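A.B. asks: First, the structure itself, so that you have it in front of you.
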C-alpha cells in the first residue's frame, strides 16, 4: 500500500466556499433574531437558527468531501453521515443558547465557541469516518489539532460578529455583514481543508486510478439543498423581523392607545352601535359612581338631566353615522351632586365602517362657574353688582332691534348731586359704600319691571320696557322722595340727592346713543333747575342743557390754563375809615367775551371737582399780589374764599403752606374765608382751622346766618372774624328785626373774642346803623366795587363819620 495524493475539483471547492460564506451570513442574520426576541420565540430561533447553521456548515463540509479526488473509489455510510449532521446542528444550538441566555456568564463567547467548534470538529471527523474506500486513512496529530483550533476560532469569530452586529441597520450594516461573512467563509472552509490536510490516505498500488470526483452530481444536490435551506432561513429571518417590527408598531400603538384610554384625565366610554356600553376608564367610573360596575347604558342615560337627554341621544345618533359631535349637559352624579359635563362623541371606524362610539366627557363644573363669573364680571359692576354699561347697551339694542310699532321704552338717567364732595370730605371708601346703598335703594324703588344699571361713577340708568311714561314719572317721584330721607352709613346719617332725566323711545330718539344723550341732557336740565328733581326731555330745554355742557367744557379749559382774573374789594375799619384788607373775588370771561357770574360757574366747578384747581389758582394768585403790594410799600391783607371741598381736603393745608413758602409771603397778610356749609363735619373743620391758626393765617366765617352753623359750633371753632351776610345788612336801616339780629350777631362775636364784618354796605344809613351797633369792619359798594389790583388806591374808604 502506498500513500495516495489528494486532488480537489476546483468548481466544487469554490461551491463549498460559497456555501460556507452563505452559512456565515445566515449565522450573522439569525443571531440578530436571537438577540431581538425573548422567551419561547427566542428559544425557537435558537433551535431553528442552530439547526440552519449546522446544516450550512455540514453542507459546506459534505460538498468539500465530494470535491476530493482519490485514485480509488469512495462510498459513504449514510447513517454516520446523518450523525455528523446532528453533531453540527447540536453544537450550533448549544453555542447559541450559551451566548443568548447565559447573560451573566463570563467568557460566554469563548464557551459558546468551544461548543460550536466541538460540533464542527465532531461533524467533520464523523463525516470522515463515514467514508468507505479500498484502503485506509489516518491523521497527522499537529494538523489535526490545528483544525480543531481553527474550528473553535472560527466559531468564536462567528458568534462575536453575529451578536455584535445583531442590531445594526441600514445598507452600511448589510455591507459589513457581507464582508464578515466572506471572511468567516474562509475560516470555516480553512478548517475543513486543514482537517483534510491532516488526513493520510493509504491505497493498494494496483487499485484503479480515478481523476474525477466520484459523486459530482451528489455534491450539486447537496449544495442546492444547503443553499435553499440557508436562503430560506435568511428570508424567514428578514420576513420575521419585518413582521416583528410591524407587531411592535401595532403593539406600541395599542399600548399608547390603552395608556391614553386608561390614564386620560377625561372620562372615556366605549359604546357599540346598539347603545351598549362596552368599556370605560377610571375617570369614567369616578364620574358615574356605582353604575360603573354594571355598564348599564339606560341607567347612565337616566343620570343626565331630563331636558338634556334628547340632545345627547341625537349627538349619539349622528356619531354612529360618522359625525363627531359635542354637547354640554347636566349630570346627576354620585352623592346627589349635579355636575356640568362637556362631552365629545367620536365615531369608531374599522375598515371604513362605524363599529361604535367613543364618548369623551369632562367635568366642567368649575370651568362653567368660572366662565359664568367672568361673564358676570364683564356685564356687571364690581362695586354695586348692578348691570354695567355694556349690559345696558346690549339690552337696549336688543329691544330696539326687536321693537314693533307699539313698542315703548323709557330711560331714566340718574346722577347724584355733589357726590364728589362726599369723596373729597369723607373718603372714597365711604363714597363706595354710599354708592352701594344708593344702588340698593334704586333697585328697591324700581322693582321687577325695571332694568337698573350703573353707568360709571355716580351715574345710574333705569330702563322701563313697554310701560307707559307715567310709570317712569312715578318711579322718579318715588326715588326723589326716598332720597330726601337720610341714609345711615357707618353709623353716620348722610343726606344725598339726585337729578334725573327721562327720554322715551321712539318719541325722543330711535337709537341707543340718541336716547342716552337726550336723557343726559334732561338730567342736566334738572340740575340747572336746582337739583333734586327730574325732567322729561324737551327740545327747548335741551338747548339749555347743551349750553351748560358747553360752559362746563370751557370751564375745564379755563381751569387747566388759568384763564381767570382776580378783582379786589376793600374791607374797611368802621371806626377809622381805613382800609384794613381786601377780599379777592374771581371773575371769568368766556372765549366769546361773555362775562360769567361766579354764581353760575362756581356750582359747576364744585360739582365737577374743578373747584380744587381753581381754588388753588386763586390762592396762589392772591398771595403773589399781596407780596407785590408788600414790596411796593402798600401792604394789604388779602382774604381768599375757600370751597367746602378744599376745607375737607386733608392735603389743602399743605398746599397753603407751600404757597406761602413759594411766594415768601408772611402769613399775617393772608386770610381765608369759609362758609358755614364747610363746617358740616365739625371735626374736619376744626382740624383745618387749627392748622390755619398754626400757620399764622386768620380765618373768617363768611355769610354767617344763612347756612348750617349753630352757636355751639362757634364756641368750639378757632375763628377770627364773623362776616354778616348782605341779606341782613341790606335791611338793617329799615327793619327792626334785621337790626336786632345784626346786634345779636355782633354781640356773640365779641363775646367769643371775634371781630365782626358787615357785608353788602351800600348806603350811609346802613353804615351809620352798623357803626352804632359796634360792628368792627364793613365791606360793600359804598366803599368800592371789586376792582383790578392796579385800580386800588392807598386809602379808598370814604369818611365813616355819620
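In our numbering, the protein residues as written are 276 to 1077. The beta carbon of each residue, even a glycine, is placed where N, CA and C say it ideally should be. In this text the structure is predicted, and so the values were computed from the model without any measurement.
Could you give the DSSP three-state label for residue 638: helix, strand or coil?
C.D. replies: Of the three classes helix, strand and coil, the one that applies to residue 638 here is strand, per DSSP.
A.B. asks: With the cut-off set at 8 angstroms, would you say residue 801 and residue 812 are in Cβ contact?
C.D. replies: Taking 8 angstroms as the Cβ cut-off, residue 801 and residue 812 do not qualify as a contacting pair.
A.B. asks: Going by DSSP in three states, residue 1073 sits in which element: helix, strand or coil?
C.D. replies: Only weak support exists for where residue 1073 lies, its pLDDT of 41 falling under 50; the coordinates are left without a value.
A.B. asks: By a C-beta neighbour count over all protein chains shown, 10 Å radius and 16 as the cutoff for buried, is residue 552 buried or exposed?
C.D. replies: It is buried - the Cβ of residue 552 has at least 16 other Cβ atoms within 10 Å.
A.B. asks: Leaving out five residues before and five after residue 585 in sequence, what residues of the same chain have Cβ atoms less than 8 angstroms from its Cβ?
C.D. replies: Once the five neighbours on either side are set aside, residue 585 has no close Cβ partner at all.
A.B. asks: Suppose contacts are defined by Cβ-Cβ distances below 8 angstroms. Is residue 690 in contact with residue 798 by that definition?
C.D. replies: Taking 8 angstroms as the Cβ cut-off, residue 690 and residue 798 qualify as a contacting pair.
A.B. asks: If you draw a straight line from the alpha carbon of residue 877 to that of residue 814, how long is it in whole angstroms?
C.D. replies: Those two C-alpha atoms are separated by around 26 angstroms.
A.B. asks: Suppose you measure from the CA of residue 978 to the CA of residue 677; what does that come to, to the nearest Å?
C.D. replies: The alpha-carbon atoms of residue 978 and residue 677 are separated by roughly 57 angstroms.
A.B. asks: Grab the span of the beta strand (DSSP E) containing residue 726 for me, first residue to last.
C.D. replies: Where residue 726 is concerned, the enclosing beta strand (DSSP E) stretches over 725 to 731.
A.B. asks: With DSSP as the reference, identify every bridge partner of residue 767, one or two as the case may be.
C.D. replies: Answer is 764, bridged to residue 767.
A.B. asks: Going by beta carbon distance, what residues of the same chain come within less than 7 angstroms of residue 895, once the five residues before and after it are set aside?
C.D. replies: These residues qualify, in order along the chain: 934.
A.B. asks: Counting along the chain, where does the alpha helix (DSSP H) carrying residue 885 start and finish?
C.D. replies: Neither: residue 885 is in no alpha helix (DSSP H) and is coded neither H nor E.
A.B. asks: Return the CA-CA distance between residue 478 and residue 278, expressed in angstroms with no decimal places.
C.D. replies: The straight-line gap from Cα to Cα measures roughly 6 angstroms.
A.B. asks: Skipping 5 residues on each side, what residues in its chain have a beta carbon closer than 6 angstroms to that of residue 614?
C.D. replies: If we look at residue 614 and ignore the five residues flanking it on each side, its Cβ neighbours are 606, 608, 638, 640.
A.B. asks: To the nearest angstrom, how far is the alpha carbon of residue 534 from that of residue 634?
C.D. replies: Near 17 angstroms, if we compare the C-alpha coordinates of residue 634 and residue 534.
A.B. asks: In chain order, which continuous runs of the alpha helix (DSSP H) of length 4 or greater are located wholly inside the stretch 653 to 728?
C.D. replies: Runs found: 664 to 677, 694 to 701, 703 to 721.
A.B. asks: Count the other C-beta atoms from every protein chain shown that fall within 10 angstroms of the C-beta of residue 596, then say buried if there are 16 or more, exposed otherwise.
C.D. replies: Residue 596 should be labelled exposed.
A.B. asks: Just the Cα atoms here: how many angstroms apart are residue 398 and residue 383?
C.D. replies: Whole-angstrom Cα-Cα distance: 22 angstroms.
A.B. asks: Let me check understanding here. Comparing Cα to Cα, which of 961, 944, 948 lies closest to residue 971?
C.D. replies: For the residues 961, 944, 948, the minimum Cα distance to residue 971 belongs to 944.
A.B. asks: Report all residues from its chain with a CB closer than 7 angstroms to the CB of residue 920; omit the five preceding and five following residues, and keep chain order.
C.D. replies: Cβ within range, chain order: 696, 699, 881, 886, 887.
A.B. asks: Run the CB neighbour count on residue 1091, radius 10 Å, all protein chains shown included, and call it buried at 16 or more, exposed below.
C.D. replies: Nothing about residue 1091 can be reported from this structure: the residues present for the chain run from 276 to 1077 only.
A.B. asks: Helix, strand or coil: which one does DSSP assign to residue 1005?
C.D. replies: Correct three-state label for residue 1005: coil.
A.B. asks: Determine whether the beta carbon atoms of residue 907 and residue 841 lie at a separation below 8 angstroms.
C.D. replies: No; because the gap between Cβ atoms is not below 8 angstroms, this pair is not in contact.
A.B. asks: Excluding five sequence neighbours on each side, which residues of the same chain lie with their C-beta closer than 6 angstroms to the C-beta of residue 1061?
C.D. replies: Excluding sequence neighbours, residue 1061 sits near 842, 844, 860.
A.B. asks: Mind checking which residues open and close the beta strand (DSSP E) that includes residue 605?
C.D. replies: 600 to 607 is the span of the beta strand (DSSP E), which, as asked, contains residue 605.
A.B. asks: On the criterion of 16 or more Cβ atoms from any shown chain inside 10 Å, does residue 694 qualify as buried, or is it exposed?
C.D. replies: Looking at its Cβ environment, which holds 16 or more other Cβ atoms inside 10 Å, residue 694 is buried.
A.B. asks: Return the residue from the list 544, 711, 587 that minimises the CA-CA distance to residue 632.
C.D. replies: Cα-wise, what sits closest to residue 632 is 544.
A.B. asks: How long is the line joining the alpha carbons of residue 407 and residue 352, rounded to whole angstroms?
C.D. replies: For residue 407 and residue 352, the distance between alpha carbons rounds to 7 angstroms.
A.B. asks: Please give me, in chain order, every unbroken run of the alpha helix (DSSP H) with length at least 4 that falls completely inside the stretch 546 to 592.
C.D. replies: The qualifying runs are 557 to 563, 572 to 578.
A.B. asks: Buried or exposed: where does residue 958 fall if 16 or more other Cβ atoms within 10 Å of its Cβ makes it buried?
C.D. replies: By the 10 Å Cβ count, residue 958 comes out exposed.
A.B. asks: With a 10 Å radius around its C-beta and 16 neighbouring C-beta atoms as the bar for buried, classify residue 354 as buried or exposed.
C.D. replies: So residue 354 counts as exposed.
A.B. asks: Excluding five sequence neighbours on each side, which residues of the same chain lie with their C-beta closer than 8 angstroms to the C-beta of residue 326?
C.D. replies: Contacts found: 364, 367, 368.
A.B. asks: Is the stretch 660 to 671 touching the stretch 726 to 735 in the sense that three or more CB pairs, one from each, lie closer than 8 angstroms?
C.D. replies: Output reads yes: the stretch 660 to 671 touches the stretch 726 to 735.
A.B. asks: Answer yes or no: do residue 457 and residue 334 have a C-beta to C-beta separation smaller than 8 angstroms?
C.D. replies: It is not a contact, given that the beta carbons lie outside the stated cut-off.
A.B. asks: When you compare the stretch 744 to 759 with the stretch 714 to 722, are there three or more beta-carbon pairs, one atom per stretch, that lie closer than 8 angstroms?
C.D. replies: In short, these stretches touch, since the Cβ pair count reaches three.
A.B. asks: Thinking residue 823 and residue 804 are a contact (beta carbons under 8 angstroms), I'd like their distance in whole angstroms, please.
C.D. replies: With 8 angstroms as the limit, residue 823 and residue 804 do not qualify as a contact, their Cβ atoms being about 11 angstroms apart.
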